[in-house]
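Shown next, in structure tokens, is the structure this report addresses.
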Ligand code: CUA
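In this note's numbering, the protein residues as written are 1269 to 1451.
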């Protein structure tokens, strides 16, 4: 699912570039007889060329580092199911039944092992953000109704981690939190 969305994004980006280029080329044709327009058109051509080269470099550097590919070749040591709802996170080692969601408290996750969080929402959009003991954001994904987003992470330091909601989801959004321990 996430890969097809990425491909859709890339195809749409490619299509916009083609449309943009077409409009640029046809506007050039219309102005060809007007000598006074040549200088600004040349400037615009170089501006766009440099812009696309810079964007291309940024995209080729950052896209391979996107979280979609993080730990993609490894098999997770643990799978944790997460159901977000107004205003709590349900964490469970087993799949969560949306009709009667039940989770576990005081979860302990292994250190230096690949954990996969399978995150969904039972009502509206939420955020699922993991913070370390220093309140630094470690990893995050969206919790969306009807989708399961997979977030993979290896915790390299032991301790307590907090989960906070990163998307305004209602009156008690700021109270929506949970935690787990890594050791
Ligand atoms: Cu859930 Cu904000």
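Here a beta-carbon is modelled for each residue, glycine too, at the ideal position from N, C-alpha and C.
Values in this document were obtained by computation on a predicted structure and should not be read as measured data.
Could you tell me the alpha carbon to alpha carbon distance between residue 1450 and residue 1427, rounded to whole angstroms?
Counting from one through the chain shown, the residue named residue 1450 turns up at place 182. Counting from one through the chain shown, the residue named residue 1427 turns up at place 159. Going from the Cα of residue 1450 to the Cα of residue 1427 covers about 5 Å.
Stretch pair the region 1345–1358 + the region 1431–1444: three plus CB contacts closer than 8 Å:
Because the criterion of three Cβ pairs below 8 Å is met, the region 1345–1358 and the region 1431–1444 touch.
Could I get the ranges of all uninterrupted beta strand (DSSP E) runs contained in the region 1301–1356, with 3 residues as the minimum, in chain order?
1346–1353
According to DSSP, residue 1441 sits in a beta bridge with which residue or residues?
Translated into positions along the chain shown, residue 1441 becomes position 173. The partner list for residue 1441 (beta bridge, DSSP) is empty, contrary to what the question assumes.
Could you spell out the range, first to last residue, of the beta strand (DSSP E) harbouring residue 1384?
As a working note, residue 1384 is residue 116 in the chain shown. Residues 1382–1389.
Classify residue 1431 as buried or exposed, calling it buried when 16 or more other Cβ atoms lie within 10 Å of its own Cβ.
Reading the chain shown from its first residue, position 163 is the one you call residue 1431. Buried, since its Cβ has 16 or more Cβ neighbours within 10 Å.
What number of angstroms, rounded off, separates the C-alpha of residue 1294 from the C-alpha of residue 1333?
Translated into positions along the chain shown, residue 1294 becomes position 26. Translated into positions along the chain shown, residue 1333 becomes position 65. Each residue's Cα considered, the two are about 37 Å apart.
Short check: CB of residue 1336 to CB of residue 1394, under 8 Å?
Reading the chain shown from its first residue, position 68 is the one you call residue 1336. Reading the chain shown from its first residue, position 126 is the one you call residue 1394. Cβ distance not < 8 Å, so residue 1336 and residue 1394 don't count as in contact.
Does the Cβ of residue 1290 lie closer than 7 Å to at least one heavy atom of the ligand CUA?
What you label residue 1290 is simply residue 22 of the chain shown in a count that begins at 1. The answer is no for residue 1290.
Taking 7 Å as the cut-off, does the CB of residue 1524 come closer than this to any heavy atom belonging to the ligand CUA?
With the chain covering only 1269 through 1451, there is no way to say anything about residue 1524.
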